[in-house]
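Structure, as structure tokens:
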Amino acid sequence: MDSLKPSKFKFAHLADCHLDSWREPELKKVSLDAFLEALDICMEECVDFILIAGDLFHVASPDIDILKSAVLKLKEARDKGIRIYIIPGSHDFSYSEKTMLKVLEAAGLFVNVSRGQVGEDGKIRLEFTVDEETGVKITGLLGRAGSLEREYYENLDYESAEKEEGFKIFMFHSAIEEYKPAFLKNISALQLSFLPKGFDYYAGGHVHERFERNEKGYGKIAYPGALYPVKFDELEKYKSGGFFIVEFDNVIKSRFVKIESHKVIAVNLSLEGIGAERAKERIMDALKGEMLMDAIVLLRLRGVLGSGKPTDIDMNSVAEYVKNEGALIFKRSTTKLSSKEFEEINIEVKGDMRQIEEDLINEHAGKIKIESKDEKKLTVELMDSFDSPKDEGETVDRYSERMLTGARKVLKIEEVAKR
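Per numbering that gives the first Met the number 0, the sequence shown starts with residue 0, numbered consecutively.
Below, the structure is given as structure tokens:
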């Protein structure tokens, strides 16, 4: 074993917590509770430190009540001597740099390890953050919408990162092309070769599916997946999430910790050829065989109705039944349900909002020529800079100026003329 490597330690690897992702208050709370439970487990396990590989928050400025609860739990962990290291992800990164992550880091709750210096040759030299108690060296690169972090990797000084000695962890928030699951085939990803070699552990985020592999020339590359599902499809498929606890005692051993939450009942029902007036009866028959008390109930309807339109189905009565049975929440998806008269123009929407935006940008890229500009990159950066809601108490003038400041940085211009 390398004499410079620490002999024994334990850490947690979380990613994609996406606090404040759900619109419904019930699911906002379930998602937050998963995060609070994860940190409680970390404290019970007496981990030395915690890694959060991007997207702690779903937005750069999350709901104040969610923020308060998260901050109190992070502080509790810090007060117990657990160090916390993070990188920004594609959701909680902001081109304007006005993010809650900067505030929480300044308050000493965690350390953002995505740091580096640009040398005279234009190459980015990563800076390592040393965990003083264990001697572990941690660095990484943030994630950005549309995989715009690629430019950081293209300009990375790999030699300086790879020659650093000791136990090294590289944190990243990007999909890797060679490991990309089939359902992400249309999203941008980085090739494995973009990761610097010679690290002991690669703490990944961004891909909401668990993955582990020991890669020759690299080390253990791992994605824990989302700490809790962030959209209907994920709740339907995974029903829960979790994180890794990693122990090092001459060798690396990891185990997945599942965060148990409310039971998820997912009903996938075909209404092919059935009239809208009979559809409610079929739905009720499917639900009556389930124990709905305190459950998250998901109903996916598919097929082409024999008569009537999807909006003709009495879903209010269905929702009332589910509520009376004591379910926590009822959500339905009818994107795969159509009627005969609209079958020919039915469009299936796939992916979350980020993926839809990326698909649209790719489709329309090149239609407008901008001299000396990468149109796709510019579009994503502008959308990212504008993806910041007006803060509570913020005046219209201050909000407008903040938006203009972000646009100036993207466009690399000194001033934007005021109307």
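All residues carry an ideal CB built from backbone N, CA and C; glycine is no exception.
Buried versus exposed call for residue i [16 or more other C-beta atoms within 10 Å across all chains shown]
i    : result
C45  : exposed
M292 : exposed
A181 : exposed
N345 : Note that N345 has pLDDT 43, beneath the 50 cutoff, so the model's placement of it is unreliable and the number below is only indicative. Its Cβ having fewer than 16 others within 10 Å, N345 is exposed.
E148 : buried
Y84  : buried
A225 : buried
K91  : As written in the sequence, residue 91 is Asp, which differs from the Lys given in the question. Buried, because 16 or more other Cβ atoms sit within 10 Å of the Cβ of D91.
G80  : exposed
F243 : buried
Q98  : Reading off the sequence, residue 98 comes out as Thr, not Gln. Classification for T98: buried.
L71  : exposed
L377 : exposed
I63  : exposed
D248 : exposed
L13  : buried
G139 : buried
D54  : buried
Range of the contiguous beta strand (DSSP E) that encloses residue i
i    : result
E211 : F210 to N213
D248 : G240 to D248
I49  : F48 to A52
Y222 : K219 to Y222
V117 : G115 to V117
K257 : I251 to I258
Y151 : Per DSSP, Y151 belongs to no beta strand (DSSP E); it is in the alpha helix (DSSP H), R149 to E153.
F231 : Element bounds for F231: not the beta strand (DSSP E) but the alpha helix (DSSP H), F231 to Y237.
F329 : I328 to S338
V296 : I295 to L304
K179 : Neither: K179 is in no beta strand (DSSP E) and is coded neither H nor E.
A59  : Here A59 belongs to no beta strand (DSSP E), and DSSP marks it neither H nor E.
M292 : No beta strand (DSSP E) contains M292, which DSSP labels as neither H nor E.
K136 : K136 to L140
A11  : K7 to L13
Of the residues the options, the one placed nearest residue i, counting alpha carbons only
i    : options                   : result
D47  : G288, K27, I264 and D78   : D78
Q116 : L55, V110 and L125        : L125
G197 : R212, G121, P223 and A160 : A160
F8   : K101, L189, E246 and S337 : E246
L336 : L403, I328, V110 and G305 : G305
A11  : K27, I51 and R22          : I51
A59  : M42, K101 and T378        : K101
F171 : H17, R143, R407 and E158  : R143
F169 : E150, D120, N111 and K184 : N111
A265 : E259, E276, I258 and K238 : K238
M283 : V129, L31, I312 and V256  : I312
T333 : E271, L55, V379 and M290  : E271
E119 : M99, L141, F109 and N154  : N154
G165 : P24, I186, E211 and D130  : D130
P24  : R401, V379, I328 and V409 : I328
M290 : M314, H261, S269 and A275 : H261
V263 : L183, L286 and A278       : L286
N185 : E176, S113, S192 and F193 : E176
I273 : L26, V303, R407 and D232  : V303
K215 : V229, P228 and P195       : P195
E374 : L191, M402, L410 and Q190 : L410
For residue j and residue i, the rounded distance between their alpha carbons
i    : j    : result
N267 : V321 : 16 angstroms
E75  : E208 : 29 angstroms
S253 : E36  : 19 angstroms
G88  : E324 : 39 angstroms
D15  : T133 : 25 angstroms
K330 : L298 : 6 angstroms
R301 : A174 : 30 angstroms
E43  : K136 : 24 angstroms
A105 : T404 : 22 angstroms
F127 : E319 : 55 angstroms
F34  : K308 : 41 angstroms
E211 : V250 : 15 angstroms
A275 : L141 : 49 angstroms
I86  : L183 : 22 angstroms
F109 : H205 : 20 angstroms
E343 : G240 : Confidence is the limiting factor: at E343 the pLDDT is only 48, short of 50, which leaves the residue's position unreliable, though a coordinate-based value still follows. Straight-line Cα distance between these residues: approximately 37 angstroms.
S68  : P223 : 23 angstroms
L103 : D19  : 16 angstroms
D199 : G121 : 27 angstroms
N-terminal and C-terminal residue of the alpha helix (DSSP H) that residue i is part of
i    : result
F34  : P24 to E43
N323 : M314 to N323
I63  : I63 to D78
V157 : Just to set this straight, residue 157 is Tyr in the shown sequence, not Val. Its alpha helix (DSSP H) spans residues Y157 to K162.
I282 : A275 to L286
L226 : Here L226 belongs to no alpha helix (DSSP H), and DSSP marks it neither H nor E.
A105 : M99 to A105
Any C-beta of chain B under 9 angstroms from that of residue i
i   : result
I83 : Among the protein chains of the structure shown there is no chain B, as only one such chain exists.
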